[in-house]
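Peer 1: My questions all concern the structure below.
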Amino acid sequence: MGDRVFTATNAAILILISLVAVFPLYYVFVVSFTDPSEYVRKGVVLFPEKWSLDSYRYLMSTNSFLNAMGNSLFLATVGTACSLVVTSGLSYALSRKRLGGRRTLLLLILLTTLFNPGLIPPYLLVRELGLINSTWSLILPVLSSGWYVLLMKGFFDSIPASLEEAARIDGCNDFSVWWRVILPLSLPSLAAFGLFYAVDYWNTFFSALLYINRFDKQPLQVLLQNMLIDSSISGSSEAAQMMAEQRIPGQTLKMAAVVIATVPILLVYPFLQKHFAKGAMVGSVKE
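In UniProt numbering, the protein residues as written are 1 to 287.
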C-alpha cells in the first residue's frame with residue numbers, strides 16, 4: 001500500500017511538472033496558428049476554433065524577418081563548419097606527442113577554460129580588426145572552444161598510432177592523414193560538437209547586440225527580442241503600418257516568430273541522434 005501511494009504521488013508530481021514545462025510551448029504553438037480575428041475576439045485562446053497561417057505568411061513576406069533568418073542560417077552553417085575545422089584540426093595536432101610546444105599550447109588553452117576575459121578585451125579586439133557590423137564578428141571570436149578542443153583531443157588520443165603509421169607508409173602526409181583517415185573515424189564526435197556549435201550560433205544574441213548596429217546584419221534572435229519588447233517586427237513605423245494594414249495581432253506574430261526560430265534547430269536533432277549519444281561521451285571514459 002505504501003509503495004503504491006509513493007508511486008502514485010511521484011507520477012502525479014512528474015505529470016504536474018511536465019504540464020508546467022509543456023504548457024508554454026503549447027500556448028506559443030496554438031496562438032501562432034490561431035486565426036487573427038478569433039484571437040482579437042477572445043484574447044486568450046487555448047483551443048482555437050479556426051486555424052490560420054496568416055501570421056506565418058506575413059512574417060515570410062517581410063524583408064526584415066527574411067534578412068534576420070538568412071543571417072542566422074549563415075551563422076549556423078558557416079560558423080559551425082569553420083568551428084569544426086578549427087577544433088578538429090587543433091585537437092588532432094595537440095593529440096600528437098611530436099608537436100613542438102604541445103604542453104605550452106595545452107596550458108594556454110586550459111587557461112581559457114578557467115578565466116573569462118570579460119567584455120572589454122573582445123570588443124576592443126573586434127573593433128581594431130574592423131569587424132564591427134560584420135557577420136564575422138559573431139564567428140571569429142568564438143571560432144573554437146577550449147573545452148571542446150580538450151574533449152576532442154581525448155577522442156583523438158584513443159585512435160591507435162599504428163593506424164596513422166600505416167597511412168604514412170601508403171604516402172599520406174599530416175594533412176591527408178587528418179582529412180582522409182582521422183576525420184572519417186570521428187563522425188560521432190563531429191556530429192555531437194557540430195550540434196553544440198550550431199545551437200550556440202543559432203542562439204547568438206548578446207554578441208550581436210555588442211558588435212552589430214546595422215539592422216540588416218542582425219540575427220533572428222535580436223529581431224525576436226525587438227519584437228517582444230517593441231511590439232513591432234522591426235521597430236520601424238513602416239512595419240507597424242504594414243501590421244495595421246494586415247490586421248494581424250502583434251501577439252500572434254510574436255508567437256509565429258518564436259516557432260520559426262525554434263523549429264529549425266529542433267529538426268537537426270533527429271539527423272544527428274544516432275551519432276549524438278556516442279559523441280557526447282567523447283573523452284569521458286578512460287580505459
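Note that CB positions come from ideal geometry on N, CA and C, so glycine has one too.
How would you write the range of the alpha helix (DSSP H) that Trp178 sits in, first residue to last?
Peer 2: Per DSSP, Trp178 belongs to no alpha helix (DSSP H) and is neither H nor E.
Peer 1: How far does the alpha helix (DSSP H) with Trp202 in it reach, from first residue to last?
Peer 2: Unbroken alpha helix (DSSP H) run through Trp202: Leu187 to Trp202.
Peer 1: On a CA-only basis, which of Thr262, Tyr269, Leu228 and Leu266 is nearest Pro249? Give me that one, please.
Peer 2: Ranking Thr262, Tyr269, Leu228 and Leu266 by Cα distance to Pro249 puts Leu228 first.
Peer 1: Classify Ser236 as buried or exposed, calling it buried when 16 or more other Cβ atoms lie within 10 Å of its own Cβ.
Peer 2: Here the model assigns Ser236 a pLDDT of 48, short of 50, so the residue's position is not dependable, and the following value carries that caveat. With fewer than 16 Cβ atoms within 10 Å of its Cβ, Ser236 is classed as exposed.
Peer 1: Using only the alpha-carbon positions, how far apart do Tyr56 and Ile132 sit?
Peer 2: Taking the straight line from one Cα to the other gives about 32 Å.
Peer 1: So, helix, strand or coil for Thr252, using DSSP?
Peer 2: Residue state, collapsed to three classes: helix.
Peer 1: Can you find a CB in chain D that lies within less than 7 Å of the CB of Val78?
Peer 2: Among the chains in the structure shown there is no chain D, since it carries only a single protein chain.
Peer 1: Would you say Tyr201 and Ala81 are within 7 Å of each other, going by their C-beta atoms?
Peer 2: For Tyr201 and Ala81, no; Cβs fall outside 7 Å.
Peer 1: Distance, Cα to Cα, Leu111 vs Ala261?
Peer 2: So the alpha carbons of these two residues sit roughly 34 Å apart.
Peer 1: Can you grab the Cα-Cα spacing for the pair Ser234 / Leu105, in whole Å?
Peer 2: Per-residue confidence for Ser234 stands at a pLDDT of 48, beneath the threshold of 50, marking its modelled position as unreliable; no derived number is given.
Peer 1: What three-state label does DSSP hand Thr7 in the structure shown?
Peer 2: If DSSP states are grouped into helix, strand and coil, Thr7 belongs with the helices.
Peer 1: For Thr262, does the three-state DSSP call read helix, strand or coil?
Peer 2: Helix.
Peer 1: Just to confirm the assignment, what range does the alpha helix (DSSP H) spanning Glu164 have?
Peer 2: Here the alpha helix (DSSP H) through Glu164 covers Ala161 to Ile169.
Peer 1: Which one of Trp136, Leu253 and Arg127 has the shortest CA to CA distance from Leu59?
Peer 2: It is Leu253.
Peer 1: Using the rule of at least 16 other Cβ atoms within 10 Å of the residue's Cβ for burial, across every protein chain shown, is Glu238 buried or exposed?
Peer 2: Interpretation of Glu238 is limited by its pLDDT of 45, a score under 50 that renders its predicted location unreliable; no figure is taken from the coordinates.
Peer 1: Excluding the five sequence neighbours on either side, which residues of its own chain have a C-beta within less than 7 Å of the C-beta of Val5, listed in chain order?
Peer 2: The answer is none, since no qualifying residue turns up.
Peer 1: Throw me the rounded Cβ distance for the residue 297 and Gly194 pair, which I believe falls under 8 Å.
Peer 2: In this structure the chain extends from 1 to 287, so residue 297 is not present and cannot be described.
Peer 1: Within the stretch 35–100, note down every full alpha helix (DSSP H) run reaching 4 residues or more, in order along the chain.
Peer 2: Correct list: 36–42, 54–60, 63–74 and 80–95.
Peer 1: For Leu267, does the three-state DSSP call read helix, strand or coil?
Peer 2: Residue state, collapsed to three classes: helix.
Peer 1: On the criterion of 16 or more Cβ atoms from any shown chain inside 10 Å, does Ala191 qualify as buried, or is it exposed?
Peer 2: Buried is the call here.
Peer 1: Does Ala257 pass the burial test, meaning 16 or more other C-beta atoms within 10 Å, or should it be called exposed?
Peer 2: Per the 10 Å Cβ criterion, buried.
Peer 1: Could you tell me the alpha carbon to alpha carbon distance between Ile265 and Val199, rounded to whole angstroms?
Peer 2: Cα-Cα distance, rounded: 7 Å.
Peer 1: Residue range of the alpha helix (DSSP H) that Val149 falls in?
Peer 2: Run containing Val149: Gly146 to Asp157, per the alpha helix (DSSP H) assignment.
Peer 1: Counting along the chain, where does the alpha helix (DSSP H) carrying Pro141 start and finish?
Peer 2: From DSSP, Pro141 is part of no alpha helix (DSSP H); its letter is neither H nor E.
Peer 1: Going along the chain, which residues of its own chain have a beta-carbon closer than 7 Å to the beta-carbon of Ser95, five neighbours each way excluded?
Peer 2: Taken in chain order, the residues that qualify are Lys153, Phe156 and Asp157.
Peer 1: Can you give me the C-alpha to C-alpha distance between Gln251 and Tyr197, rounded to a whole angstrom?
Peer 2: So the alpha carbons of these two residues sit roughly 31 Å apart.
Peer 1: For Leu161 and Leu140, what's the separation of their Cα atoms in angstroms?
Peer 2: Residue 161 is actually Ala in this sequence, not Leu. Cα to Cα, Ala161 sits roughly 32 Å from Leu140.
Peer 1: Label Leu224 either buried or exposed according to how many other C-beta atoms from any shown protein chain fall within 10 Å of its C-beta, with 16 as the threshold for buried.
Peer 2: Buried, because 16 or more other Cβ atoms sit within 10 Å of the Cβ of Leu224.
Peer 1: Compute the Euclidean distance between the alpha carbons of Tyr123 and Trp178, then round it to the nearest angstrom.
Peer 2: Those two C-alpha atoms are separated by around 34 Å.
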